[in-house]
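So the sequence shown is numbered by the numbering used here: it starts at 45 and just counts up by one.
All C-beta atoms in this analysis are idealised placements derived from N, C-alpha and C, irrespective of residue type, glycine included.
Given the structure is predicted, the values throughout are model-derived calculations rather than measurements.
For reference, the structure is listed below as C-alpha cells.
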Amino acid sequence: MFVMPGETVATTEEYVPGYGVAEANGEDLVATNIGELELDPEEHIAKVKARTRVARFQGPGTIVIGVVAKTTDDVAIIDLIPMKTANFAFIPTGASAILHVSNVKPGYVKSIKTEFKVGDIVRAKIIESTPLGVKLTTDGKNLGALLTNCSRCRASMARIGARVKCTSCGWVEDRKIAYDYGTGREI
Ligand SMILES: [Zn+2]
Numbered sequence: 045m046f047v048m049p050g051e052t053v054a055t056t057e058e059y060v061p062g063y064g065v066a067e068a069n070g071e072d073l074v075a076t077n078i079g080e081l082e083l084d085p086e087e088h089i090a091k092v093k094a095r096t097r098v099a100r101f102q103g104p105g106t107i108v109i110g111v112v113a114k115t116t117d118d119v120a121i122i123d124l125i126p127m128k129t130a131n132f133a134f135i136p137t138g139a140s141a142i143l144h145v146s147n148v149k150p151g152y153v154k155s156i157k158t159e160f161k162v163g164d165i166v167r168a169k170i171i172e173s174t175p176l177g178v179k180l181t182t183d184g185k186n187l188g189a190l191l192t193n194c195s196r197c198r199a200s201m202a203r204i205g206a207r208v209k210c211t212s213c214g215w216v217e218d219r220k221i222a223y224d225y226g227t228g229r230e231i
C-alpha cells in the first residue's frame, strides 16, 4: 500500500514503529515517508520504504512537488516529495526547501499565509540549491498550488477563477494556484 506522510498505518497495539514510521498520539503509528507500507507480522514492525533512494539535490530550474509544512509571513517551508525528475535523478527523502514571500508571484505579497496554507500540495521551481538549503519560486503559470484543503472543514477545494472554493462548505480562500490546479497532472 502506498502511503503519504501523516497517514495512519497501524496501531501501537499491533506494531512498533520502524523506518519511516512514528508514533503519533500513543495509539496510532503514522507514516513519515512517502512510499510503500510494509507490515511485518512476525516482528510486529511497521515500516514505510521510500520509493526513491539516491540523496542528491537538484540544480536550479528543476521542477519539484512538495507539501507546505509550515508558514510564517515571510517564508513557507515545503517538504519535497521524493520523486524521479526529468533528468533521472532524485529528490532525497525528508528534504525541505524554502519559499520566500518575494518569490511567490510577481508583485508585492504581504504575507505568504494568504497564498499558501499548511498541507497544500504545490509545484515549485528550484532557484538555488546549496548544501545549506534549497530555495524555491512559485512565480510562473505552471507553478503554485495543485491541491488544497479547506481550512474550515478539510474538504477539497475547487478552483474558481484565481481562487479556490470548498466543495463541501463553500468557503473561499486565496491561493497562488498553478494553471492546472486540481487536474491531477504531476509535472
Ligand atoms: Zn469547507
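TODO: Compare the beta carbon distance of ILE170 and GLY228 with 8 Å and say whether it is the shorter of the two.
DONE: Not in contact: ILE170 and GLY228 (Cβ atoms no closer than 8 Å).
Open item on the list: Under DSSP, the beta strand (DSSP E) around ARG167 begins and ends at which residues?
Closed with: 165 to 174 is the extent of the beta strand (DSSP E) around ARG167.
- [ ] Kindly list the residues whose CB is nearer than 6 Å to the CB of ARG167, restricted to its own chain and excluding five residues on each side of it in sequence; keep chain order.
- [x] Cβ neighbours of ARG167 beyond the five flanking positions: ILE109, LEU187, LEU190 and ALA222.
TODO: Inspect the beta-carbon positions of THR55 and GLU71 and report whether they are closer than 8 Å.
DONE: Closer than 8 Å, so yes.
TODO: List the residues that DSSP assigns as beta-bridge partners of ARG198.
DONE: Its beta-bridge partners do not exist; DSSP assigns none.
TODO: Starting from GLU80, follow its DSSP beta bridges and name the residues at the other end.
DONE: When beta bridges are read from the DSSP output, GLU80 appears opposite PHE46 and LYS93.
TODO: Assign ALA90 to buried or exposed, taking buried as 16 or more other Cβ atoms, counted over all protein chains shown, within 10 Å of its Cβ.
DONE: Only buried fits ALA90, as 16 or more other CB atoms lie within 10 angstroms of its CB.
Open item on the list: Give me, in chain order, the residues of the same chain whose beta-carbon lies closer than 6 Å to that of THR52; leave out the 5 immediate sequence neighbours on both sides.
Closed with: Within the same chain, THR52 has close Cβ partners ASP72 and VAL74.
- [ ] Confirm, please, whether the CB-CB distance from LYS179 to ILE142 is below 8 Å.
- [x] Cβ distance < 8 Å, so ILE142 and LYS179 count as in contact.
TODO: Can you tell me which of LEU124, PRO150, ALA113 and ALA199 puts its alpha carbon nearest to the alpha carbon of LYS157?
DONE: Nearest of LEU124, PRO150, ALA113 and ALA199 to LYS157, Cα basis: ALA113.
Open item on the list: Using only the alpha-carbon positions, how far apart do ILE107 and THR76 sit?
Closed with: For ILE107 and THR76, the gap between their C-alpha atoms comes out near 23 Å.
TODO: Output the residues surrounding ligand 1, defined as those with a CB atom closer than 6 Å to any ligand heavy atom, in chain order.
DONE: Any heavy atom of ligand 1 counts here; residues with a Cβ closer than 6 Å to one of them, in chain order, are CYS194, ARG196, CYS197, ALA199, CYS210, SER212, CYS213 and TRP215.
Open item on the list: I'd like the span of the beta strand (DSSP E) that includes ALA75, first residue to last.
Closed with: Taken as a continuous stretch (DSSP letters only), the beta strand (DSSP E) holding ALA75 covers 72 to 75.
TODO: With DSSP as the reference, label ASN186 as helix, strand or coil.
DONE: Under the three-state reduction of DSSP output, ASN186 falls in the coil class, being neither helix nor strand.
- [ ] Would you tell me roughly how many angstroms separate the C-alpha atoms of ALA199 and VAL60, rounded to the nearest one?
- [x] Cα-Cα distance, rounded: 31 Å.
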